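According to the numbering used here, the sequence shown is numbered sequentially starting from 1.
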Amino acid sequence: MSVPGGFERPVIIIGAGAAGLAAALRLVESGVKVVVLEAGKLLGGRARSFMHSPTSMELDWGPHLFMAANPALRSLLERVGATDDVFFSPSLEVSYRIGEAESARKTQLSFPEGGGVFAQLRGLLKWRGPRFSEKVNLLKGLSKIISKSSDENQNESMSELLVRLGQKDGAVRWFWEPFARAVLNLPLEQGSAELFKAVIREAFADGPKGAALGVPMKALSALWANRAAQRIQSLGGEVRVQQPVLGFDINNGKISGVILREREILHAGAVISAVPPDALGKLLGGRLVEQAPFSHLGKLCSGPIASAYFWLEQPDEGPPFEAIVNEEWDWLFRPEAGREGAENLMCLLAGAEDSIASEERSTIELSARECLNRMIPNNRIRNILVVRERAATWANGVAEQRYRMDTETPIEGFLLAGDWTRTGLPATLEGAVRSGDKAAQTVLKYIRTVL
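Below is the structure:
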């Protein structure tokens with residue numbers, strides 16, 4: 001697709017996270033001039049990596065998993081040449097560690113790749129976790145969500161949904177709570193059931209293979225963000241780091257550029273803001289942030305995620321990730337699985353405001369040490385690094401859905417992208433990429449309108 005001539009000013013994209021880079025890539029692929037402005041040194045937003053100087057290793061700013069039924073994200077990975085560096089299991093497979101008072105035991109939930117409904121049922125019944133009655137209870141609840149017979153209330157929390165579906169404590173503890181917290185990063189009482197149902201339906205639309213989880217085999221910045229920037233630049237776009245935007249140049253209800261340091265104005269044909277709600281509020285400032293729809297920005301809430309990296313005395317073999325039951329931590333990762341020189345590295349992850357992720361750093365570290373000692377006894381911890389993102393996710397609460405914002409704004413030529421916008425999905429990488437794609441398509445329509 002080509003863009004009609006005459007649109008000489010570039011489209012400026014603020015923020016080089018998944019939404020911003022996705023929007024930029026779509027636009028340059030359509031022949032549009034783009035300039036991506038990133039305030040920080042690193043690309044990738046909250047899905048980035050950093051160099052750990054003591055070990056000279058590139059670590060993720062928190063482990064990530066991809067899902068097979070993520071078409072926008074998988075398209076982006078394919079277009080930047082990252083497909084071969086993500087390993088997907090053939091179907092949904094999740095290993096569990098069950099914390100006990102002094103030790104831990106393991107079990108696995110594994111669905112076959114094919115075989116129809118009865119094969120999937122056998123896979124569920126082989127799961128040595130919940131009781132038989134709890135697994136049947138879980139299957140009934142899952143079937144109602146997939147078939148949309150659960151859609152009596154469009155505005156309810158996860159806990160309200162599970163009560164309405166008659167889900168018992170065992171099904172909640174083993175399945176619903178671990179996955180809902182992973183998807184929404186909120187307590188069940190606060191998380192939006194509508195967002196969670198959207199993920200479940202996309203994941204299980206063609207059976208459990210859509211819910212298969214993918215593991216990055218490279219650090220995140222190297223996997224996708226740096227490649228996306230290189231692809232954008234190879235097509236004539238610009239990606240500038242350490243280039244903070246201070247505000248917008250808006251005249252008569254139309255945006256004409258952004259304000260940089262020393263009051264320099266970088267002129268634009270259109271502007272896409274791909275930053276979190278709090279950052280956007282600061283950029284708008286003054287009267288704009290007090291007017292609808294921007295006045296809703298302050299009503300969108302964030303949730304923290306904490307990761308604790310461990311370097312062990314001896315390697316601990318196992319799957320790339322495991323769900324944890326009966327502990328303060330939610331997931332155990334071998335985030336560098338398959339990467340040279342990282343055989344002794346593991347990571348614990350916890351999220352949501354009611355979790356250990358909200359505590360002081362010293363408390364987080366102590367909890368992580370105690371948890372890992374129960375999970376992997378008789379293996380000395382040589383070193384630990386706690387990484388916390390206080391605003392890891394946005395706008396996943398049931399009370400916030402009415403305040404999520406659309407791509408288009410009342411300001412002509414000014415558009416929004418980000419996992420917190422009205423994507424119909426939680427604040428995930430898939431939602432972020434979809435928002436960037438939508439913003440890019442809206443810009444293309446706008447270009448044709450103004451020429």
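C-beta: ideal position from N, C-alpha, C; glycine also. Please read these numbers as outputs of a predicted model, since none were measured by experiment.
Under the three-state DSSP convention, the category residue i falls into
i      : result
Gly207 : strand
Glu102 : Only weak support exists for where Glu102 lies, its pLDDT of 48 falling under 50; the value from the coordinates is given anyway. Here Glu102 sits in coil by DSSP.
Phe132 : helix
His64  : coil
Val32  : coil
Trp454 : Only positions 1 to 451 of the chain appear in the structure, and residue 454 is not among them; the question remains open.
Gln230 : helix
Trp311 : strand
Ser149 : coil
Ser358 : helix
Leu220 : helix
Val172 : helix
Phe87  : strand
Met57  : strand
Met346 : strand
Arg390 : strand
Gln108 : strand
Neighbourhood of residue i by C-beta, 8 Å cutoff - its chain only, sequence neighbours within 5 removed
i      : result
Gln120 : Phe111, Pro112, Gly207 and Pro208
Arg287 : none
Asp406 : Pro293, Leu416, Thr421 and Arg422
Cut-off 6 Å between Cβ atoms - residues of its own chain near residue i, not counting five sequence neighbours on either side
i      : result
Ala391 : Ser302
Leu37  : Ile14, Arg240, Gln243 and Val245
Gly281 : Val289 and Leu297
Ile145 : Lys197 and Ile200
Ala515 : Residue coverage of the chain in this structure runs from 1 to 451, which leaves residue 515 outside it and unanswerable.
Ile272 : Ile13, Ala23, Leu415, Ala417 and Ala439
Which listed residue (the options) has its alpha carbon closest to that of residue i
i      : options                           : result
Arg173 : Leu300, Gln230 and Pro130         : Pro130
Leu138 : Asn155, Leu372, Asn153 and Leu109 : Leu109
Gly318 : Phe66, Arg97 and Glu134           : Arg97
Ser89  : Ala16, Arg122 and Ala212          : Ala212
Gln190 : Glu359, Asp151, Glu400 and Glu58  : Glu400
Ala47  : Thr393, Gly413, Glu313 and Ala72  : Thr393
Tyr403 : Ala22, Ala323 and Gly298          : Gly298
Asn252 : Glu412, Arg231 and Arg374         : Glu412
Trp176 : Glu156, Phe248, Leu142 and Leu220 : Leu142
Residue burial classification, residue i (beta-carbon count within 10 angstroms, cutoff 16)
i      : result
Asp419 : buried
Lys438 : buried
Phe132 : exposed
Leu366 : exposed
Asp60  : buried
Ala274 : buried
Thr428 : buried
Gln154 : exposed
Met67  : buried
Lys197 : buried
Ser147 : exposed
Gly431 : buried
His267 : exposed
Glu322 : buried
Ile356 : buried
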